[in-house]
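First the structure, in the form of structure tokens, and then the observations on it.
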Amino acid sequence: MSDVVIKTRENGPLLVTGPITLCDHLGNKYDLTGKENVALCRCGETQKRPFCDGSHKTCGFQAAETVPPSA
32 MSDVVIKTRE NGPLLVTGPI TLCDHLGNKY DLTGKENVAL CRCGETQKRP FCDGSHKTCG
92 FQAAETVPPS A
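Numbering-wise (my numbering), the sequence shown opens with residue 32 and increments by one.
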């Protein structure tokens, strides 16, 4: 079984790689047949919620989180 990885993109979406099931708040599954990579919106401006449509590039969204150093 492949691992699922969720990666933050600088000033962009969450990139989910690996086999996932994505459901809405009612439990309905999105059709992700054949997709191993899914970009999920973080800026809130997409017209394809919950998926990224590139709107972050024009709305001024900024986020560049990094993992904090170990203590």
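No residue lacks a Cβ here, since even glycine has one placed at the ideal position from N, Cα and C.
This structure is a prediction, so every number in the text was calculated from the model and none was measured.
By Cβ distance below 6 Å, which residues in the same chain neighbour residue i in space, the five residues on each side in sequence not counted?
{"i": "H87", "result": "G43, C74"}
{"i": "K38", "result": "L46"}
{"i": "T48", "result": "V36, N68"}
{"i": "Q78", "result": "D84"}
I need the boundaries of the beta strand (DSSP E) containing residue i, first residue and last residue.
{"i": "K38", "result": "36–39"}
{"i": "N68", "result": "68–71"}
{"i": "V98", "result": "No beta strand (DSSP E) contains V98, which DSSP labels as neither H nor E."}
Looking at the secondary structure, which residues open and close the alpha helix (DSSP H) in which residue i lies?
{"i": "T89", "result": "87–90"}
Within the same chain, show all residues whose beta-carbon is closer than 7 Å to that of residue i, passing over the 5 residues directly before and after it, in chain order.
{"i": "R80", "result": "C72"}
Apart from the five residues just before and just after residue i, which ones in its own chain have a Cβ nearer than 8 Å to its Cβ?
{"i": "K60", "result": "T52, L53, C54"}
Assuming residue i and residue j form a contact by the criterion Cβ under 8 Å, report the distance between their Cβ atoms to the nearest whole angstrom.
{"i": "C90", "j": "A70", "result": "The Cβ separation is near 15 Å, so there is no contact."}
State buried or exposed for residue i, treating a residue as buried only when at least 16 other CB atoms are found within 10 Å of its CB.
{"i": "T97", "result": "exposed"}
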